[in-house]
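Protein chains in written order, with my numbering: chain E, 1 to 470; chain F, 471 to 940; chain A, 941 to 1410. Note that beta-carbon positions come from the ideal geometry of N, C-alpha and C, so glycine has one too. Remember, predicted model here, so these are calculated numbers, not experimental data. Right, one structure below, let's go through it.
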Amino acid sequence: MPKKLVLHADRLFPADPAVRAIARRLYGAVQDLPIISPHGHTDPAWFADNEPFGNAAELLLAPDHYLYRMLYSQGIALASLGVPSRKGSSEANPREAWRVLARNFHLFRGTPSALWLSHVFSVVFGLDVVLEEKTADHYFDVIGAALRTEAFRPRALFERFNIEVLATTESPLDPLLQHRKIRESGWRGRVVTTYRPDVVIDPEHEQFRGALAQFGELTGQDVHSWGGYLNAHRLRRAEFARAGATATDHGHPTARTADLGQAECERLFARVLSGRFTPDEAELFRAQMLLEMARMSLDDGLVMQIHPGAFRNHNLWLSEQYGRDKGADVPMPTEYVNALKPLLDRFGNDARLSIILFTLDETTYSRELAPLAGHYPVLKLGPAWWFHDSPEGMLRFREQTTETAGFYNTVGFNDDTRAFLSIPARHDVARRVDCSFLARLVAEHRLDEDDAALVAEDLAYRLPKAAYRL
Amino acid sequence: MPKKLVLHADRLFPADPAVRAIARRLYGAVQDLPIISPHGHTDPAWFADNEPFGNAAELLLAPDHYLYRMLYSQGIALASLGVPSRKGSSEANPREAWRVLARNFHLFRGTPSALWLSHVFSVVFGLDVVLEEKTADHYFDVIGAALRTEAFRPRALFERFNIEVLATTESPLDPLLQHRKIRESGWRGRVVTTYRPDVVIDPEHEQFRGALAQFGELTGQDVHSWGGYLNAHRLRRAEFARAGATATDHGHPTARTADLGQAECERLFARVLSGRFTPDEAELFRAQMLLEMARMSLDDGLVMQIHPGAFRNHNLWLSEQYGRDKGADVPMPTEYVNALKPLLDRFGNDARLSIILFTLDETTYSRELAPLAGHYPVLKLGPAWWFHDSPEGMLRFREQTTETAGFYNTVGFNDDTRAFLSIPARHDVARRVDCSFLARLVAEHRLDEDDAALVAEDLAYRLPKAAYRL
Amino acid sequence: MPKKLVLHADRLFPADPAVRAIARRLYGAVQDLPIISPHGHTDPAWFADNEPFGNAAELLLAPDHYLYRMLYSQGIALASLGVPSRKGSSEANPREAWRVLARNFHLFRGTPSALWLSHVFSVVFGLDVVLEEKTADHYFDVIGAALRTEAFRPRALFERFNIEVLATTESPLDPLLQHRKIRESGWRGRVVTTYRPDVVIDPEHEQFRGALAQFGELTGQDVHSWGGYLNAHRLRRAEFARAGATATDHGHPTARTADLGQAECERLFARVLSGRFTPDEAELFRAQMLLEMARMSLDDGLVMQIHPGAFRNHNLWLSEQYGRDKGADVPMPTEYVNALKPLLDRFGNDARLSIILFTLDETTYSRELAPLAGHYPVLKLGPAWWFHDSPEGMLRFREQTTETAGFYNTVGFNDDTRAFLSIPARHDVARRVDCSFLARLVAEHRLDEDDAALVAEDLAYRLPKAAYRL
């Protein structure tokens, strides 16, 4: 007999009965609030076309770098998991790939992936036995059958998940046709885009030169002049705003900003265009562009997100064989206090601007980020991110930021995911962890329970909506 | 009906009933011990003149950068809070300023400011409803009325607070008249000073050159010669010691120390005096001066405190409009192992010297500070400081230092505050958190309860008294 | 009446009754598993010669730098504790030295040393009163009497401790005679060696030049040519493998690796041999040698351990008077992501290689080490090390690595000790802490109890055995 899959109603709540009772009450009042998903990486084509998803492996395994990086770390070849390489899509049989995951599912004990997947299996698909070698085929069949039904089409799931608004993330080169198609379809789901211009801002991006050329064509601007280049950004930002965007996003190696004079900017831009720039010049250019983006945000009202600190594509061989974004990004120490100073010197006190900071370096929570966000009107703290978007990680975030920045300089939860089916699971984990943290404050008489209830609602719903101007 | 303000007797204790019971017993034995406040920033004039304090806003809001930095971070103008600017005192109506705080008091949910203020409101002023918009005037009136009574004059509060000794902090240029007045008044309260020479040690301090000139006049030394300059320090230190000082304090950007030869010192000092020094030379001069201060401590017995790691006055605009120390200081990564080596190479094994280290970079607790203090006879660890002087911060301090440095290389609590009325609240929080930490060790059978009781008393009373030679 | 010494059956388990009950069950199933000790510093001569140990001070105090560093930090002279200096063995009377420890045993409240020693006193020696001034002589006498019995000879203790395999650590210059003697003795205890070549790899080691000469003699290689030098390593590694070694160990100041061409290696090696090298060149040489060691591991199958990040012998005076390794090592910030890249670029995807990473910088757990080990097939994480090998430290390790790297990229426990009698105590602490962490996951419904039971067994027994190829 396979083991039963049970999602315990009290999962993630503290064990102490008194604290748990408080957590349960706080969570009870927020568990069914609509989902605000202001930062994520789902594919807008899903909602534009509303085609059925494929099969368990293709939907749940091959695109989820949390899953295949863990399997890879134990010597399992990506090819066997259906992960496409530079040579094209994988030849792995999806059912076989799924069996590999099932056979190795013990590797995920204690990880958020196990929590998220259990939620997807149980709540979304109604499965009632655990995933293991002997239930692999059962899973594959049940999931496959469900995906062929109307109820599992993207729009139906979106509605079933009670998503009030979902932001996707697009390149400035994206013509945003999917978003237009969604809008024009008459479907009532709200899917907005986000302006993510890294590919035309980072001179070290492998596609930079080609992307820049396209950027010029798309906007009709002379993107080889500094003024034309900035103008092209302005035009695309306006186009994104028309497609519902309320935010931009910037994934730089560091948080460095700069505030150069006009002539210096032009000289630097010329160097960047020449292709003969040093790493320092590339860094300085990205730094200056954060300031330019902030300046444009003051004009067009887009909220600015800064996601620094990842060493992208760290694994040389994997990058050569499989390309970018294959679970081989690694966090680096990240500095904010000096890095952000030029930007803050220029705009830090202008409350019309809103900048949401993220980090992969948890040491900055109490040392730099909470003190900065607890002082500057323009700064807010994004939630625990990526490797730290996990029960322990989210708890550390609250424990290390609340006392200096409070709850109201934070912005609620981001799921930041391309795993569409896990969105309810992720928001549920975040709500449970926040309620657990609040319950401890209540139990220790550091906060009244009715105040805690207000905070729980703010974190689950009101703050993300307000912070992202949704 | 406004909500009741209740300070729960078990606040800050762990929720588990068994652990809470132990914490309660441990705390019960230390809660009424006299307060030793060996490091703080109250104004000695309060105790010299014993004049009544003004009103709620002037006493509790305008001088408390924990409060107005949080309000400012949410876009509230400092001018509306009664914070004086470079142009002079604020024109804000104190009652209106207080209403702004009341209206926004939810911002402090989960912060130590809320804990401290609730204690002040409830215990010091006997208020029994929570602070919110509709109770703002009630608060303002009750507090104002109390402050006009004899029982709320500074000396009466000092006695009511059961303060055994209170250290203030003065510039070397301070003539210490207030301390003399206190001593000569016949009042039995013990208020001592602390030698804080940053303004004549930091060549980058905006007042350095003027301060140096005054330093020469005050001491009759040629402070433009290296020997005379050092002598001026010796004379002022002796004067401070006569005014009760048992300690010096040094607030440098880093913990760097240096041990240069005589000729090098003279050359470096000449550069500093010339005003044409590099940032590195300024840093080296501060580094050398930490060594000189240690050398003098060996002679005069003053305990040395090092408080490194703040980026002071980070907000350019605010600094221009409002001046220094307006809640815009931000911690930076801080390194100790290499930084302190020159000083430790010279004096690290001389048990007559005592150096108390602080940090704003919690990553150094387990990595650098506990290993250093757990080995060098001259080093002790100051308590969790500033942004980390909070329940979670104090708990992290104990969790991350005790196993390597023990309890006996730490020095009890510092309130480090200019908010005089919050002193009992702050010591109470520290005693509760230490007892909570100890209670967990007892409950987990890592420490006997009678040993824990001894440690609790040591932390609350004996260690600060001994460490500061009071 | 002296206070009773009681080892509580539930020590180190969480206080909450439900969590504690789970922890107790998990621990119950692993508490008696054989000890796998794959990394330590006991003296193989003990097992080769099987001579009785001396007395309490000589066995338990003088060699234990955890103990005498704490005593030294409070101004107690090492000479009084029986710690040998450069001038030779201490003249301290062992009984007097033991009394100093007893009188100051309160300094260890809340430290792992207190836990370990209590276990040794109670379980190994059957003592039933606590160590304090008035029981010092009783302790000294009881321990001394026990050590003169057969049951306390090294081999008898090894068997009583249920050690399945114990790894020692030797210099490449060690002729491994003790290990041969053990093997040839017919005794069934398994004691293996570990190849620790720092002394012939670190050009800054004070014994480097002499060691290199010996290295050449011992191997018959021309160790002044790059090829001969590498060959000497190959020969010694093979000899170590024949003496049971399954691993190498590398204690470098940083984790830096390099992948230079043949000609560059030869040039660098020539600089190193010349003695006229810069600190950078020394660092680069160590970096290159990590790559060479990895390459050799691919050939001979030895598992590679990297232990970076200690500032060795930080106390100048102590080092001059007492020599190396006298409790004056201090952790430094340590970087892995860039440091390991050359090695990982070369061998990171080759699953035949196994590299176990350690750190003294806990900030790297969630930021660098878990993400690296959770991706690269060659990497695993060693347990919480040295200053962090303590209940709080081990808990932080699990809390900060599990969610990204899982349990199965970790390798169980290392005792890393020369304090032979404390080995069961240390493994017991590790098993209790791991079971406590797992119990919390179970109580919070993040892991089934039967899965947790499997993980507990894996961590206690199966993972170290597999990871070290024992």
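Does the beta-carbon distance from glutamate 873 (chain F) to proline 1323 (chain A) come in below 8 Å? Indexing the second sequence from 1 puts residue 873 (chain F) at position 403. Indexing the third sequence from 1 puts residue 1323 (chain A) at position 383. Not closer than 8 Å, so no.
Under 8 Å, do leucine 435 (chain F) and valine 612 (chain F) count as touching if we go by C-beta distance? In this structure chain F extends from 471 to 940, so residue 435 (chain F) is not present and cannot be described.
Expressed to the nearest angstrom, what Euclidean distance is found between the alpha-carbon atoms of leucine 1387 (chain A) and arginine 109 (chain E)? Taking the third sequence and counting its residues from 1, the one referred to as residue 1387 (chain A) is at position 447. Taking the first sequence and counting its residues from 1, the one referred to as residue 109 (chain E) is at position 109. Near 7 Å, if we compare the C-alpha coordinates of arginine 109 (chain E) and leucine 1387 (chain A).
If the cut-off is 8 Å on Cβ atoms, which residues from the segment 846 to 880 of chain F count as contacting chain A, listed in chain order? Tyr846, Pro847, Leu849, Glu869, Gln870, Thr872, Glu873, Thr874, Ala875, Gly876, Phe877, Tyr878 and Asn879
Find the residues of chain D that neighbour leucine 1300 (chain A), judging by a C-beta separation of less than 7 Å, and give them in chain order. No chain D appears in this structure, whose protein chains are E, F and A.
Within 10 angstroms of the Cβ of lysine 3 (chain E), are there 16 or more other Cβ atoms? Answer buried if so, exposed if not. Taking the first sequence and counting its residues from 1, the one referred to as residue 3 (chain E) is at position 3. Counting Cβ neighbours within 10 Å, lysine 3 (chain E) comes out exposed, since fewer than 16 surround it.
With DSSP run on the structure shown, which of helix, strand or coil describes glycine 170 (chain E)? Against the first sequence, residue 170 (chain E) aligns to sequence position 170. In the sequence on display, residue 170 (chain E) carries glutamate and not glycine. Correct three-state label for glutamate 170 (chain E): strand.
Within chain E, the residues that histidine 649 (chain F) reaches when beta carbons sit closer than 8 Å: Here residue 649 (chain F) refers to the residue found at position 179 when the second sequence is read from its first residue. Per Cβ cutoff of 8 Å: no residues; histidine 649 (chain F) is ~33 Å from chain E at best.
Output needed for serine 436 (chain E): all residues of its chain with C-beta closer than 7 Å, excluding positions within five of it in sequence on either side, in chain order. Position 436 of the first sequence holds residue 436 (chain E). Cβ within range, chain order: Leu12, Phe13, Pro14 and Ala23.
Residues that DSSP places opposite threonine 248 (chain E) in a beta bridge: To locate residue 248 (chain E), count along the first sequence from 1; it is residue 248. The partner list for threonine 248 (chain E) (beta bridge, DSSP) reads E:Tyr195 and E:Met304.
Residues that glycine 793 (chain F) contacts on chain E, provided the C-beta gap is smaller than 7 Å: For the purposes of this step, residue 793 (chain F) is taken as the residue at position 323 of the second sequence. Correct list: empty, because the minimum Cβ distance to chain E is about 15 Å.
So leucine 131 (chain E) and phenylalanine 105 (chain E) are in contact, right, with Cβ under 8 Å, and what is the actual spacing, rounded? What you label residue 131 (chain E) is simply residue 131 of the first sequence in a count that begins at 1. What you label residue 105 (chain E) is simply residue 105 of the first sequence in a count that begins at 1. About 5 Å; that satisfies the 8 Å criterion.
Assign isoleucine 76 (chain E) to one of three DSSP states: helix, strand, or coil. Against the first sequence, residue 76 (chain E) aligns to sequence position 76. Coil, per DSSP.
Would glycine 348 (chain E) pass as an interface residue toward chain F - the criterion being a Cβ-Cβ separation below 8 Å? Residue 348 (chain E) sits at position 348 when you count from the first residue of the first sequence. Answer yes: the Cβ-Cβ gap between glycine 348 (chain E) and chain F drops below 8 Å somewhere.
Leucine 330 (chain E) touches chain A at which residues, Cβ-Cβ below 9 Å? Locating residue 330 (chain E) in the first sequence gives position 330, counting from the first residue. The sequence as given places valine at residue 330 (chain E); leucine does not occur at that position. Tyr1276, Val1277, Arg1307, Glu1308, Pro1311, Leu1312 and His1315, listed in chain order.
Within 8 Å of any Cβ in chain E, is that where the Cβ of tryptophan 516 (chain F) sits? In the second sequence, counting from the first residue as 1, residue 516 (chain F) sits at position 46. With 8 Å as the cut-off, tryptophan 516 (chain F) does not count as an interface residue toward chain E.
So the candidates are A:His948, A:Gly1184, A:Glu1036 and A:Asp1356; which of them puts its Cα closest to the Cα of alanine 1076 (chain A)? As a position in the third sequence, residue 1076 (chain A) is number 136, starting the count at 1. Cα-wise, what sits closest to alanine 1076 (chain A) is A:Glu1036.
Any chain A beta carbon closer than 8 Å to methionine 70 (chain E): In the first sequence, the residue the question calls residue 70 (chain E) occupies position 70. Taking Cβ atoms only, chain A reaches closer than 8 Å to methionine 70 (chain E), which makes this a yes.
DSSP state of phenylalanine 877 (chain F) mapped onto helix, strand, coil: What you label residue 877 (chain F) is simply residue 407 of the second sequence in a count that begins at 1. DSSP places phenylalanine 877 (chain F) in coil when its eight states are reduced to three.
Under the assumption that leucine 218 (chain E) contacts leucine 177 (chain E) (Cβ atoms under 8 Å), give the Cβ distance between them as a whole number of angstroms. Stepping through the first sequence from its first residue, residue 218 (chain E) is reached at position 218. Stepping through the first sequence from its first residue, residue 177 (chain E) is reached at position 177. 13 Å between Cβ atoms; not a contact.
Beta-carbon within less than 8 Å of serine 1259 (chain A)'s beta-carbon, same chain only, minus the 5 sequence neighbours each way: which residues are those? Within the third sequence, numbered from 1, the residue matching residue 1259 (chain A) stands at position 319. Once the five neighbours on either side are set aside, the close Cβ partners of serine 1259 (chain A) are Asn1253, Lys1266 and Ala1268.
Who are the Cβ neighbours of arginine 1009 (chain A) in its own chain at under 7 Å, not counting the five residues just before and after it? For the purposes of this step, residue 1009 (chain A) is taken as residue 69 along the third sequence, with counting starting at 1. Hits under 7 Å: Gly1267.
Just how far apart, CA to CA, sit aspartate 520 (chain F) and methionine 293 (chain E)? Start at 1 with the first residue of the second sequence, and residue 520 (chain F) comes out as number 50. Start at 1 with the first residue of the first sequence, and residue 293 (chain E) comes out as number 293. Here residue 520 (chain F) turns out to be asparagine, not aspartate, going by the sequence shown. Straight-line Cα distance between these residues: approximately 55 Å.
Run through chain E and tell me which residues come within less than 7 Å of arginine 1123 (chain A), C-beta to C-beta. Counting from one through the third sequence, the residue named residue 1123 (chain A) turns up at place 183. The contacting residues do not exist; arginine 1123 (chain A) stays about 33 Å from chain E at best.
Whose C-beta lies closer than 7 Å to the C-beta of histidine 1164 (chain A) among residues of the same chain, with five residues either side of it excluded? Position 224 of the third sequence, counting from 1, holds the residue named residue 1164 (chain A). Only Leu1213 meet the Cβ criterion.
Using the Cα positions of isoleucine 506 (chain F) and phenylalanine 817 (chain F), report the straight-line distance between them to the nearest angstrom. For the purposes of this step, residue 506 (chain F) is taken as residue 36 along the second sequence, with counting starting at 1. For the purposes of this step, residue 817 (chain F) is taken as residue 347 along the second sequence, with counting starting at 1. Going by the C-alpha atoms only, they are around 28 Å apart.
So alanine 1222 (chain A) contacts chain F; which residues on that side make the cut at Cβ distance below 7 Å? Translated into positions along the third sequence, residue 1222 (chain A) becomes position 282. What alanine 1222 (chain A) touches in chain F: nothing, since even the nearest Cβ is about 17 Å away.
Rounded separation between tyrosine 27 (chain E) and serine 1330 (chain A) - CA only: As a working mapping, residue 27 (chain E) is identified with position 27 in the first sequence. As a working mapping, residue 1330 (chain A) is identified with position 390 in the third sequence. Distance between the alpha carbons of tyrosine 27 (chain E) and serine 1330 (chain A) is about 35 Å.
Going by beta-carbon coordinates alone, are serine 366 (chain E) and phenylalanine 857 (chain F) separated by less than 8 Å? Mapped onto the first sequence, residue 366 (chain E) falls at position 366. Mapped onto the second sequence, residue 857 (chain F) falls at position 387. It is a contact, given that the beta carbons lie within the stated cut-off.
Determine the extent of the beta strand (DSSP E) in which lysine 811 (chain F) is found, giving its start and end residues. Indexing the second sequence from 1 puts residue 811 (chain F) at position 341. Counting along the chain, lysine 811 (chain F) falls outside any beta strand (DSSP E), though it belongs to the alpha helix (DSSP H) covering 811 to 817.
Continuous alpha helix (DSSP H) stretch holding serine 1165 (chain A): start and end: To locate residue 1165 (chain A), count along the third sequence from 1; it is residue 225. That residue, serine 1165 (chain A), is in no alpha helix (DSSP H); it is neither H nor E in DSSP.
Chain E residues whose Cβ lies nearer than 7 Å to that of serine 543 (chain F): The count along the second sequence starts at 1 and reaches residue 543 (chain F) at position 73. Here the neighbours are Ala373, Gly374, His375, Tyr376, Pro377 and Asn409.
Please compile the residues from chain F whose C-beta is within a distance smaller than 9 Å of the C-beta of leucine 952 (chain A). Counting from 1 along the third sequence, the entry for residue 952 (chain A) is found at position 12. What leucine 952 (chain A) touches in chain F: Glu914, His915 and Arg916.
Tell me the DSSP secondary structure of glycine 686 (chain F) in three-state form. What you label residue 686 (chain F) is simply residue 216 of the second sequence in a count that begins at 1. Correct three-state label for glycine 686 (chain F): helix.
Please give me, in chain order, every unbroken run of the alpha helix (DSSP H) with length at least 4 that falls completely inside the segment 949 to 1036 of chain A. 957 to 970, 984 to 989 and 1005 to 1013
Is the shortest distance between the beta-carbon of lysine 935 (chain F) and the beta-carbons of chain A less than 8 Å? Within the second sequence, the letter at position 465 stands for residue 935 (chain F). Lysine 935 (chain F) does not count as touching chain A.
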